[in-house]
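full-length UniProt numbering applies: residue 1 is where the sequence shown begins, and numbers increase by one. Structure record follows, encoded as structure tokens.
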Amino acid sequence: MIRHLSRLTYRLTLLLIFLSGLAVLLARLLLPLAELYRGEIEQLAGEALGQPVQVGFMEAHWRGLGPRLILHNVDLVNPQNQRVTLRLSEIQVDIALLDSLRNRAVTTRRITLARPSILIKRRTDGSFAVEGLQGLEGLAAAPQRADAGGLFLLPRRIAVSDGTILWENQAIGAAPMRFTNVNLELFNDHQRHQIHGELSLPGASASRLSLAADIRGDLQQPGGWSGDFYLGGEQLILEQLLRHRIPSGYAVPDGQLGMRLWSRWRDGRMQHLEGELQVQ
């Protein structure tokens, strides 16, 4: 009996290896035909991203143990009014081949927004908006309005690679700040959003910021969210940080700043702040 079970297990293992190898071979052969299935892939991407997707053109490559679909000129569309909520130059979709075989449905392993340009705006009422920018050649670049929360409508796990973010805090009337080399991981679970990653201030290669956040609630509603934030950095240029952020008549100090800050927010307002600052 034991010998029979062992033989059966061995045969099933060989069959699984054969089927997996066959699936890999078929997937490799079908990669050049990916453009022919644009409609199906747009539907797959739309299901993964949680809203309709329109793709300009696409290509496919083999990466690791599964295919990677590269979608270019991607528009995320609000299904209620058919307006574009976010426009992205490239999205990379990694397919989990073995999981897809196990689940009998295409399963995404990772979705990466490659080199996105995004405006994140905090309004005067404390709510947030996310907008895609056609270009960040200057602050006059025209945005596409995000009616539906932008990044926080995306799937459970998503990455941002080598992005550019323009941060505008209208609540304090400060001039927008531009961050480059943005690499973030976002985890969305209904009304909970977790973020961690790094970003740079332009023009100072050594100025690097680390960011982590755990946010709960609806970021689009004034006072509708709470959360905990961490912000850390080394060799931050004070002139870059404080430009247009201190009252007129005061000189912008020279030097560099190192910091570690923790803050707690409730109902859209900061309740607690502590940290360490080092000025050189």
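Even glycine gets a Cβ: it sits at the ideal position worked out from N, Cα and C. Just so you know, these numbers come straight off a predicted model, no measurement behind them.
query: Same chain, Cβ closer than 6 Å to Leu-186, five either side skipped, listed in chain order; result: Ile-158, Ile-195
query: Close beta carbons around Asp-99, own chain, < 8 Å, minus the five adjacent residues each side; result: Thr-107, Arg-109
query: Residue span of the beta strand (DSSP E) that contains Gln-235, given as start and end; result: 225 to 237
query: Proximity of Gln-271 and Arg-264 at Cβ, strictly below 8 Å; result: yes
query: First through last residue of the beta strand (DSSP E) which encompasses Leu-211; result: 208 to 217
query: Ala-140 classed as buried or exposed, judged by whether at least 16 other C-beta atoms fall within 10 angstroms; result: For Ala-140, the pLDDT reaches just 31, beneath the cut-off of 50, and the residue's location in the model is therefore unreliable, although a value from the coordinates is still provided. By the neighbour-count rule (16 or more Cβ atoms within 10 Å), Ala-140 is not buried but exposed.
query: Uninterrupted beta strand (DSSP E) stretches inside the segment 40 to 80 (no shorter than 3 residues); result: 53 to 63, 66 to 77
query: Residue from Glu-168, Asp-267, Asp-162, Ala-174 with nearest C-alpha to Leu-119; result: Glu-168
query: N- and C-terminal bounds of the beta strand (DSSP E) containing Arg-83; result: Note, Arg-83: premise wrong, no beta strand (DSSP E); not H, not E.
query: Residue range of the beta strand (DSSP E) that includes Gly-275; result: 269 to 279
query: Residue closest to Pro-52, alpha-carbon to alpha-carbon, out of Glu-42, His-61, Arg-269, Ile-95; result: Glu-42
query: Extent of the continuous beta strand (DSSP E) run through Arg-109; result: 108 to 114
query: The ligand MG heavy atom lying under 7 Å from the CB of Lys-121; result: Questions concerning the ligand MG fall outside what the structure shown contains, since it holds no ligand whatsoever.
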